[in-house]
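Here's the structure we're looking at; comments come further down.
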Amino acid sequence: MSDPMTVLAMTGATTVVAAMATSTWEATRERVVELFHRRGDERSTTVQAQLDGDAELIAGESEDSDGVREDLVRPWARRIGALLREHPETAEELRALIQEASVLPASQEWSQHITAHAGGAAFGAQGPGSSVHVHHSRPAAAEPPTPA
Numbered sequence: 007m008s009d010p011m012t013v014l015a016m017t018g019a020t021t022v023v024a025a026m027a028t029s030t031w032e033a034t035r036e037r038v039v040e041l042f043h044r045r046g047d048e049r050s051t052t053v054q055a056q057l058d059g060d061a062e063l064i065a066g067e068s069e070d071s072d073g074v075r076e077d078l079v080r081p082w083a084r085r086i087g088a089l090l091r092e093h094p095e096t097a098e099e100l101r102a103l104i105q106e107a108s109v110l111p112a113s114q115e116w117s118q119h120i121t122a123h124a125g126g127a128a129f130g131a132q133g134p135g136s137s138v139h140v141h142h143s144r145p146a147a148a149e150p151p152t153p154a
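In structure tokens form, the structure reads like this:
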């Protein structure tokens, strides 16, 4: 099921992770820390450390930075989803952050590969004017579900 808050959390996570190791990262990072500040100073400090560590992972991975980004989206979607459940008033701030962080330099090219496996869901959003497309993959009647 893809309720609007889940889609917003996934779009936020995709945007935050996509901004890592780009020219928009510092501003995006500060906005994310401000969002999580609502959960307390200790939590925003933890989020700041997680953001910095994840950005270092991407910057240090020259051969598979897309793969690293892919691996980081789901944990950030969970964190952002938890924030939205505790503080639904942050939704508008998150939407503004997504809009601002999505303004990509004209010379930068982006590609995104998203895969949903049996019973899974895939989310993707990228750049200004993008939308989130939700794709569900369900096993055929004759196929047994693939264990997670």
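Per the working numbering, the very first residue in the sequence shown carries number 7; after that it's consecutive.
From the three backbone atoms N, C-alpha and C, an ideal C-beta is built for every residue, glycine too.
Helix, strand or coil at A25 according to DSSP, with G and I counted as helix
helix
Using only the alpha-carbon positions, how far apart do A122 and T51 sit?
33 Å
Suppose contacts are defined by Cβ-Cβ distances below 8 Å. Is L41 in contact with L100 by that definition?
yes
Please classify R35 as buried or exposed, where buried requires at least 16 neighbouring CB atoms within 10 angstroms.
With 16 or more other Cβ atoms within 10 Å, it is buried.
Looking only at its own chain, which residues have a Cβ that is under 8 Å from the Cβ of M11, when we skip the five neighbours before and after it?
Excluding positions up to five away in sequence, the list reads G87, L90, R91, P94 and A97.
Cβ-based neighbour list, R80, same chain, cut-off 8 Å, excluding 5 preceding and 5 following:
A19
If you measure between the beta carbons of M26 and A83, is that distance less than 8 Å?
The answer is no: Cβ separation not under 8 Å.
Could you give the DSSP three-state label for S108: helix, strand or coil?
coil
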